[in-house]
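In our numbering, the protein residues as written are 46 to 233. We put the beta carbon where it would ideally sit given N, CA and C, even for glycine. Bear in mind the structure is a predicted one, so any value in this text is a computation, not a measurement.
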Amino acid sequence: MSIQSVDLKCELCGFQSSTRETWGEFYYLHNELKIPINRTLGWCRQCDKICAIEDFSQQKNICEEIESLLSYFNNDYSQKKVLFISKKVREDRLFKLNLIQILNEQLKLISTRIGTEKCLNCGSSKIDSSIGEILSTMQDRIQHNTGVIGTGVIHPNCGGEIIASPSPIHITMEFTPRFYKRDGSQKS
Ligand SMILES: [Zn+2]
Ligand SMILES: [Zn+2]
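Shown next, in the form of structure tokens:
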């Protein structure tokens with residue numbers, strides 16, 4: 046799979062980064078469940094660069110997804126019909142059930158962790174997610190532009206503005222999944 050990324054640069058000092066920082070597979074491992082980590086781009090003061098950071102702003106979407114999956118189970122399978130459920134349908138129902146469990150764990154985790162978001166690179170909570178928030182609102186403008194666009198985000202300790210442009214390279218990348226504990230620190 047090849048998706049286009051956005052190159053980020055400081056107009057003053059040449060610092061470079063990319064939205065590719067958040068690409069890949071990130072999971073919390075908890076009770077043998079692989080819970081996907083919602084993430085955004087942020088400035089980590091400890092890494093002194095743009096990193097993938099935890100994003101706990103998706104509570105409403107997760108609730109909606111759980112409800113929509115649950116509604117699937119409201120179909121009444123009467124005793125008679127049960128014998129005629131195909132293997133495919135049964136497996137699909139089990140898959141959805143498992144997904145509900147994962148989403149519910151994700152929801153519980155977010156509700157206890159909100160306000161303690163961490164850098165997924167070093168585990169520090171000295172982070173600022175404004176670059177991620179701003180870029181998500183600018184996505185279309187950046188992709189349909191051939192030049193660079195100012196993001197209005199200032200490079201800390203430098204004062205230069207971070208500028209964004211669609212990456213000219215389409216890269217196919219393979220990722221090794223990264224695993225974290227519930228508190229957002231990386232599993233060794
Ligand atoms: Zn700079
Ligand atoms: Zn960091």
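Point to revise | Limits of the beta strand (DSSP E) - the one that Pro-223 falls within | key: The residue you asked about is not Pro; residue 223 is Arg in the sequence shown. Where Arg-223 is concerned, the enclosing beta strand (DSSP E) stretches over 223 to 225.
Review point. On the premise that Gln-49 lies in contact with His-215, defined as a C-beta separation below 8 Å, what is that separation, rounded to the nearest angstrom?
Key: 6 Å
Practice item. My understanding is that Gly-192 touches Ser-170, with C-beta atoms under 8 Å, so please give their C-beta distance in whole angstroms. Key: With a Cβ gap of about 36 Å, Gly-192 and Ser-170 do not count as contacting.
Review point. Is the region 63 to 73 in contact with the region 215 to 229, if contact means three or more CB pairs nearer than 8 Å?
Key: yes
Exercise for review: Go through the region 77 to 144 residue by residue and report every complete run of the alpha helix (DSSP H) that reaches 4 residues or more, in order.
Suggested key: 104 to 117 and 124 to 127
Check your understanding: Per DSSP, Cys-58 forms a beta bridge with which residues?
Key -> Paired residue(s): none; Cys-58 is not in a bridge.
Practice item. Could you check if Val-127 is buried or exposed, using at least 16 other CB atoms within 10 Å of its CB as the buried criterion? Key: exposed
**Study point:** First and last residue of the uninterrupted beta strand (DSSP E) at Leu-74
**Key:** That run of the beta strand (DSSP E) goes 71 to 75.
Review point. Just reading off the beta strand (DSSP E) that Glu-206 is part of, what are its end residues?
Key: 206 to 211
Exercise for review: Output the distance between the C-alpha atoms of Leu-165 and Phe-129, rounded to the nearest integer angstrom.
Suggested key: 47 Å
Review point. Is it true that the CB of Ile-107 sits closer than 8 Å to the CB of Gln-151?
Key: Remark: C-beta atoms of Gln-151 and Ile-107 approach each other more closely than 8 Å.
Exercise for review: Could you tell me the distance, in whole angstroms, from the CA atom of Leu-57 to the CA atom of Lys-163?
Suggested key: 28 Å
Review point. With C-beta atoms as the reference, is Leu-180 less than 8 Å away from Thr-64?
Key: yes
Point to revise | 8 Å CB neighbourhood of His-200 in its chain, flanking five on each side removed | key: Cys-55, Leu-57, Cys-58, Phe-60, Glu-206 and Ile-207
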